[in-house]
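**Student:** Residue numbers 8 to 111, in the numbering used here, belong to the letters of the sequence shown in order. Below is the structure I would like to discuss, written out as structure tokens.
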Amino acid sequence: FIEMENSVSAAAAVAMAGEKLIGRAVKINFAPAREGDVWPPVKKVVSGGGQAGGSGVKAMSAKPDNCVKLFIGNLSYDIDDEGITKFFANVEAEVKAVRWLHHK
């Protein structure tokens, strides 16, 4: 998950969905805050959970007002914070924070 500096940057970032990053088409969706979420997270890496076990293609939901958090999927295992930041700099979208989810 990433948090953009503002909603304009978030919209520009979502428009990049499907672009290639380290040879992989990136999935980018708005990720509205859930009740009880703490951002930025206390721990840099969050393990477990996630979207595993889902099936089918789900339509992207409407953008919540002032949403600046995005889900980024289908990333290479070689990507890091700097790579994500540089990728979105191509559309002048400023990344404020990155939270990595790792499946065991």
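Just so you know, even glycine gets a beta-carbon here, dropped at the ideal spot from N, CA and C.
For I29, does the count of other Cβ atoms within 10 angstroms reach 16, so buried, or fall short, so exposed?
**Tutor:** Answer is exposed; the Cβ neighbour count stays below 16.
**Student:** What are the boundary residues of the beta strand (DSSP E) that includes E10?
**Tutor:** Unbroken beta strand (DSSP E) run through E10: 9-11.
**Student:** Does DSSP classify G90 as helix, strand or coil?
**Tutor:** In the structure shown, G90 sits in a helix (DSSP, three-state: H, G or I).
**Student:** With a 10 Å radius around its C-beta and 16 neighbouring C-beta atoms as the bar for buried, classify K76 as buried or exposed.
**Tutor:** Counting Cβ neighbours within 10 Å, K76 comes out buried, since at least 16 surround it.
**Student:** Taking only three categories from DSSP, how would you classify V105?
**Tutor:** V105 falls in the strand class under three-state DSSP.
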